[in-house]
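Enquirer: This is the structure I have questions about; it appears just below.
In this note's numbering, the protein residues as written are 1 to 360.
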């Protein structure tokens with residue numbers, strides 16, 4: 001290519017990326033991001049205060065992004081204990097607006113085509129139920145070839161979000177984004193550290209997309225190098241199916257190596273190889289493959305206890321008029337929608353037979 005052609009190509013690339021960043025300070029995009037950020041939080045003080053002066057606040061934010069003077073405001077720390085104890089660092093409300101605008105208009109469209117089909121979590125149409133149904137389908141398909149003569153390799157990353165390396169993540173993002181968008185992503189990444197140069201906060205929307213893309217190296221390695229057909233991942237929790245136990249042992253050693261060498265990550269103690277007839281725990285369910293090829297999904301005992309506690313709390317809140325019956329119905333519909341994905345008839349009978357909603 002001659003020098004003029006190379007110059008034109010470079011100018012075109014810069015133009016494309018500049019147009020990409022312009023989406024960040026488009027007023028309509030920022031307003032839509034505000035609507036998304038406030039969902040379920042309209043009664044919160046920070047949201048009310050922001051909306052009392054919404055127009056000027058969004059104009060000021062637009063100007064900061066356009067001038068490239070925007071800086072993350074920091075985080076509020078709190079703990080959640082369901083389904084297990086987690087340390088949450090929630091960004092300032094205005095930072096949530098920026099992240100919604102960034103993820104919805106730039107990050108998601110850029111990263112979505114680069115992810116494999118069976119990489120689930122926070123992707124449109126690919127939540128927990130997608131991943132559950134995908135593993136069930138793989139087990140049924142596996143049975144047609146090998147019946148129950150096979151094994152499952154269940155892998156889990158040790159403290160995944162806390163151990164994501166900033167420099168490795170930035171180098172990977174550099175291959176996708178350039179210039180102003182990349183600099184903004186780096187600002188957000190560097191706004192939090194668990195240990196020096198390491199860790200992503202669980203409260204950030206960007207963290208979900210970074211975490212999805214960070215392990216894409218493992219996805220590609222498993223699908224393309226190890227040639228595993230039956231593979232599904234939900235964030236840092238993934239399962240491989242194969243008829244040869246020795247080959248899965250080899251896969252495990254190779255996955256450990258790639259995690260350590262390429263991503264500075266380790267697999268935790270939950271990582272094991274199981275006979276497929278014994279089943280596997282995945283996303284709160286225990287998957288069994290019967291001798292007839294049927295896949296049975298049973299709720300884990302810890303999830304049953306959690307649902308019982310949630311139902312008692314729902315009864316209490318309704319009794320003392322902390323919620324109305326519409327809120328009760330929404331919760332019951334959500335619970336029933338989750339339970340219908342497994343074989344839970346007896347559990348639902350026991351759960352609902354003991355549930356009565358009365359006013360105090």
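Ideal placement from N, C-alpha and C gives every residue a C-beta, glycine not left out.
Answer with buried or exposed for residue 205, where buried requires no fewer than 16 other C-beta atoms within 10 angstroms of its C-beta.
Expert: Buried, because 16 or more other Cβ atoms sit within 10 Å of the Cβ of residue 205.
Enquirer: Nearest-angstrom Cα distance between residue 58 and residue 71?
Expert: About 15 Å.
Enquirer: Near residue 342, which residues of its chain fall below 7 Å by C-beta distance, leaving aside the five closest residues on each side in sequence?
Expert: Only 285, 297, 298 and 299 meet the Cβ criterion.
Enquirer: Would you call residue 118 buried or exposed, if buried means 16 or more other Cβ atoms sit within 10 Å of its Cβ?
Expert: When all chains shown are included, residue 118 counts as buried.
Enquirer: Residue 76 lies in the beta strand (DSSP E); which residues open and close that run?
Expert: First-last of the beta strand (DSSP E) with residue 76: 75-80.
Enquirer: Anyone know if the C-beta pair for residue 237 and residue 288 falls short of 8 Å?
Expert: No.
Enquirer: Classify residue 320 as buried or exposed, calling it buried when 16 or more other Cβ atoms lie within 10 Å of its own Cβ.
Expert: When all chains shown are included, residue 320 counts as exposed.
Enquirer: Among residues of its own chain, excluding the 5 on either side of residue 163, which ones have a beta-carbon nearer than 8 Å to its beta-carbon?
Expert: For residue 163, where only same-chain residues beyond five positions count, the Cβ hits under 8 Å are 157, 194, 198, 199, 264, 265 and 266.
Enquirer: Could you check which residue in 39, 34 and 269 has the C-alpha nearest to that of residue 53?
Expert: Checked all of 39, 34 and 269; the closest Cα to residue 53 is 34.
Enquirer: Identify, in the order they occur along the chain, each residue of the same chain with its Cβ nearer than 6 Å to the Cβ of residue 14, setting aside the five sequence neighbours on each side.
Expert: Low per-residue confidence applies at residue 14: pLDDT is 39, beneath 50, and the placement is therefore not dependable, though the value from the model is reported in the following sentence. Counting only Cβ-Cβ distances below 6 Å, and skipping sequence neighbours, we find nothing.
Enquirer: Suppose the cutoff is 8 Å on Cβ atoms and the five residues either side in sequence are ignored; what does the same chain contact list for residue 360 look like?
Expert: Result list for residue 360: 319, 320 and 321, in chain order.
Enquirer: Whole angstroms is fine: what's the gap from residue 292's alpha carbon to residue 91's?
Expert: Each residue's alpha carbon lies about 50 Å from the other.
Enquirer: Can you list, in chain order, the residues of its chain whose CB lies under 6 Å from that of residue 228, leaving out five sequence neighbours each side?
Expert: Closer than 6 Å at the Cβ level, and outside the excluded window around residue 228, lie 222 and 240.
Enquirer: Could you pull out every residue in the same chain whose Cβ sits closer than 7 Å to the Cβ of residue 192, ignoring the five residues on either side in sequence?
Expert: Answer for residue 192: 75, 89, 199, 200 and 201, listed in chain order.
Enquirer: Three-state secondary structure (DSSP) at residue 191?
Expert: DSSP places residue 191 in coil when its eight states are reduced to three.
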